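16 is the number of the first residue of the sequence shown in the numbering used here; add one for each residue after it. By construction, the Cβ of each residue, glycine as well, lies at the ideal position given by its N, Cα and C atoms. These numbers come from a predicted model, not from an experiment.
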Amino acid sequence: MANHVVLETNIPGVPVRRGKVRDVYDLGDSILLVSTDRISAFDWILPNGIPDKGKVLTQLSVFWFSQVPGPNHILTTDVDQMPFPAGTDLEQFRHRTYHVKKTRVVPIECVVRAYLAGSGWKEYQKSQTVCGVAIPPGLVESSKLPEPIFTPSTKAEEGHDENISFAKMVELVGERVATELRDHSIATFEAGAKRAIESGIIIADTKFEWGMLEDGSIILIDEVMTPDSSRFWPADQYQPGRSQPSYDKQFVRDWLELTSGWDKNSPPPELPAEIIAKTREKYVEAYERITSKKFDF
Ligand SMILES: Nc1ncnc2c1ncn2[C@@H]1O[C@H](COP(=O)(O)OP(=O)(O)OP(=O)(O)O)[C@@H](O)[C@H]1O
Ligand SMILES: [Mg+2]
């Protein structure tokens, strides 16, 4: 099935909730979580997929789930062991699906930042803070922060997520959960960043999601330290004082903004084949560098 784009999956008789990237099948007390090859940019799902992107996201997350400390939501990653109804076409799910414990998702995006980039860099220039956290003076774009900081945001149902202070997070989810999520997010990030730098990749920032089980315990869910949820920078090209080349949708964003003439307010245009191919290469390269394994799914 190499290079076959999967934009949507289907299980006869089972309702699906489609996120921007994932198809979510609720089986009662567990979930089948499928990363498709859909790609979004500027809050739109683009008409084309990126071949193998969903497999990269799933396989990289599976790698991280096995590397970082603490419990997570994985039940199995082997499609043949998953409770698909008889008659389901399994090929569409292979290597891109995990069967997970169903949790109550804590409605906070747990962002950890180790470098000044994106909205953090913008805010720093205005107020020398990042999401309200005071940062030392004299830093430039892409500077490393003295230590990783936790900058939560709300998971908006519609539109953009909103950055919130830690105090606001305590108001929303309580002191115990807020503290645990902050500490676990930073610890998980640090474990990941340490592993990634050994392969020459800087994880500048990332976003985690956490879910609560019936007994109140909290586990790591969703995707972990992928190019969609993180900024990955090649360490050998790192140079503070400018934006960095990255392993994500940069080609797609650049083409949409600089070349396509799209207004971002109407359905987005078809991507050129060359942009699709280059983007696929970047995703695969991120997987191969971080895991030190060949991408052969
Ligand atoms: N173990 C889990 N239990 C319950 N929900 C989960 C679990 N793991 C992931 N999820 C949820 O599954 C969904 C994955 O879909 P996807 O990443 O495509 O959504 P999204 O576009 O990021 O956001 P949205 O959820 O708003 O559509 C997310 O809403 C995520 O919170
Ligand atoms: Mg998501």
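Contact test: residue i Cβ vs ligand 1 heavy atom, cutoff 7 Å
i, result
"Lys197", "The sequence as given places Arg at residue 197; Lys does not occur at that position. Incorrect: Arg197 has no Cβ contact closer than 7 Å to ligand 1."
"Glu224", "yes"
"Leu48", "yes"
"Arg37", "yes"
"Val120", "yes"
"Lys68", "no"
"His88", "yes"
"Lys116", "yes"
beta-carbon residue i near ligand 2 non-hydrogen atom, thresh 7 Å
i, result
"Gly256", "no"
"Asp237", "yes"
"Gly135", "no"
"Gly34", "yes"
Option in the options with minimal Cα separation from residue i
i, options, result
"Val120", "Val192, Leu90, Thr91", "Val192"
"His88", "Gly226, Asn280, Pro282", "Gly226"
"Pro242", "Ile305, Gln252, Ile291, His199", "Ile305"
"Thr103", "Ile26, Ala56, Pro163", "Ile26"
"Ile123", "Lys279, Gly147, Pro167", "Pro167"
"Tyr253", "Ile234, Leu105, Gly215", "Gly215"
"Tyr40", "Glu156, Val299, Tyr113", "Tyr113"
"Asp263", "Asp251, Asn280, Ser245, Asp230", "Ser245"
"Pro255", "Leu154, Leu105, Glu195, Lys137", "Leu154"
"Glu23", "Phe57, Ala56, Ile65, Tyr139", "Ile65"
"Pro161", "Asp278, Thr91, Ala149", "Ala149"
"Ser281", "Phe57, Asp52, Arg32", "Phe57"
"Arg53", "Ile291, Ser81, Phe312, Val239", "Ile291"
"Lys117", "Lys141, Glu213, Leu90", "Leu90"
"Ile60", "Glu177, Leu75, Phe181, Arg268", "Arg268"
"Asp237", "Ser55, Ala101, Arg111", "Arg111"
"Gly147", "Leu105, Lys159, Phe181, Ala250", "Phe181"
"Ser307", "Val145, Arg295, Ile212", "Ile212"
"Val313", "Thr294, Ile201, Gln143, Val188", "Residue coverage of the chain in this structure runs from 16 to 312, which leaves residue 313 outside it and unanswerable."
"Asn178", "Glu138, Ser232, Leu228", "Glu138"
"Gly231", "Gly189, Pro249, Trp270", "Gly189"
Residue i: first and last residue of the uninterrupted alpha helix (DSSP H) it sits in
i, result
"Trp277", "Taken as a continuous stretch (DSSP letters only), Trp277 belongs to no alpha helix (DSSP H), as it is neither H nor E."
"Phe57", "Counting along the chain, Phe57 falls outside any alpha helix (DSSP H), and DSSP gives it neither H nor E."
"Asp269", "265-269"
"Glu296", "288-306"
"Ser331", "Only positions 16 to 312 of the chain appear in the structure, and residue 331 is not among them; the question remains open."
"Met76", "The residue asked about is misnamed: residue 76 is Ser in this sequence, not Met. Where Ser76 is concerned, the enclosing alpha helix (DSSP H) stretches over 68-82."
Whole-Å CB distance - residue i paired with residue j, under 8 Å assumed
i, j, result
"Val29", "Arg37", "That pair is no contact at about 15 Å."
"Val20", "Gln107", "Not quite, the Cβ-Cβ distance comes to about 11 Å (not below 8 Å), so this is no contact."
"Glu303", "Lys297", "Glu303 to Lys297, Cβ: 11 Å. No contact."
"Glu285", "Pro62", "5 Å"
"Val185", "Pro163", "Not quite, the Cβ-Cβ distance comes to about 20 Å (not below 8 Å), so this is no contact."
"Leu235", "Gly85", "6 Å"
"Phe165", "Arg197", "5 Å"
"Cys125", "Phe247", "Cys125 to Phe247, Cβ: 18 Å. No contact."
"Trp136", "Val239", "With a Cβ gap of about 24 Å, Trp136 and Val239 do not count as contacting."
"Thr294", "Phe266", "5 Å"
"Lys170", "Asp176", "6 Å"
Residue range of the beta strand (DSSP E) that includes residue i
i, result
"Glu138", "Segment 133-142 is the alpha helix (DSSP H) holding Glu138; no beta strand (DSSP E) there."
"Met240", "Here Met240 belongs to no beta strand (DSSP E), and DSSP marks it neither H nor E."
"Arg328", "This structure leaves residue 328 out entirely; the chain is present only between 16 and 312."
"His114", "112-116"
"Phe223", "216-227"
"Cys125", "123-130"
"Ile89", "89-91"
"Tyr40", "37-41"
"Glu23", "From DSSP, Glu23 is part of no beta strand (DSSP E); its letter is neither H nor E."
"Phe247", "245-249"
"Val155", "Note, Val155: premise wrong, no beta strand (DSSP E); not H, not E."
"Val49", "45-50"
"Leu235", "233-236"
Test: residue i CB closer than 8 Å to a CB of chain B
i, result
"Asp251", "Checking the listed chains, one finds no chain B in this structure; it contains a single protein chain."
Inspect the CB distances between the segment 67-76 and the segment 209-219 and report whether three or more fall short of 8 Å. no
Is the segment 35-46 touching the segment 267-284, taking contact as three or more C-beta pairs under 8 Å? no
Does the segment 198-207 come into contact with the segment 91-101, if we say contact requires no fewer than three beta-carbon pairs (one atom in each stretch) closer than 8 Å? no
Using 8 Å as the threshold, is the segment 240-260 in touch with the segment 114-134, meaning 3 or more CB pairs across them? yes
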